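K.L.:
First the structure, which I've put down as structure tokens, then a few questions once you've had a look.
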């Protein structure tokens, strides 16, 4: 992996982590309607940007690992949230790999990939938390709780992700090809800005 690509992936993972820390904590603090739906839709859009920028299997999981690390270091360690972040990234990685040839130029297929990633991420989280990790809340809820979680929240997240994932691809196209043209920046300046933004996110996260 080139250094420039690594910087962008770390930036996107840090951005996702910052969304979880700041927007996520805010939504939970005001009692918003199922914050995970909003957070998942945004997260999959960020993952789509990463996949468009660096279309290799494993890149989405790497972004998710950075987001997990960001939240672990900069927020209260609610481990269920950390697992949810990782499973969203893993699910997107799987679906982006399976649908790679169909999503190259199709808005609709990118939306389908977003929706299927949301469903898969919610299903992975529910089943693994219940039957492998034995998280008390999920064990008490059992299979009916999983089906309700995937069927209700997963469906709403799938609807949101149908739109955020194509938008993420569009933004990544600008990120990859448009920044130097529009702002007349040299390549080294572009990567320097991404590195600076990444350091800024971590600095703000530490002050949260």
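Residue numbers (the working numbering): 187 to 394.
Positions of the beta carbon are idealized from the N, C-alpha and C atoms, including for glycine.
Every value quoted in this text rests on a predicted model; they were computed, and no experiment measured them.
Can you tell me whether DSSP reads residue 321 as helix, strand or coil?
P.N.:
Three-state DSSP puts residue 321 in coil, outside helix and strand.
K.L.:
Helix, strand or coil for residue 289, going by three-state DSSP, please let me know.
P.N.:
Looking at residue 289 - three-state DSSP - the assignment turns out to be coil, as it is neither helix nor strand.
K.L.:
Starting from residue 241, trace the alpha helix (DSSP H) both ways and give me its first and last residue.
P.N.:
Neither: residue 241 is in no alpha helix (DSSP H) and is coded neither H nor E.
K.L.:
Which of the three DSSP states, helix, strand or coil, is assigned to residue 220?
P.N.:
In this structure, residue 220 counts as coil in the three-state DSSP scheme.
K.L.:
Give every residue of the same chain whose Cβ lies closer than 7 Å to the Cβ of residue 383, excluding the five residues on either side of it in the sequence, and list them in chain order.
P.N.:
197, listed in sequence order.
K.L.:
CB residue 273 to CB residue 311, shorter than 8 Å?
P.N.:
Contact: yes.
K.L.:
Could you pull out every residue in the same chain whose Cβ sits closer than 8 Å to the Cβ of residue 225, ignoring the five residues on either side in sequence?
P.N.:
Hits under 8 Å: 205, 206, 209, 210 and 213.
K.L.:
Applying the 10 Å Cβ sphere with the 16-neighbour rule, what's the burial state of residue 330?
P.N.:
Classification of residue 330: exposed, given that the 10 Å Cβ count is below 16.
K.L.:
On the three-pair Cβ rule with 8 Å, is the stretch 221-241 touching the stretch 302-311?
P.N.:
Judged by Cβ distances under 8 Å, the stretch 221-241 makes contact with the stretch 302-311, as three or more pairs qualify.
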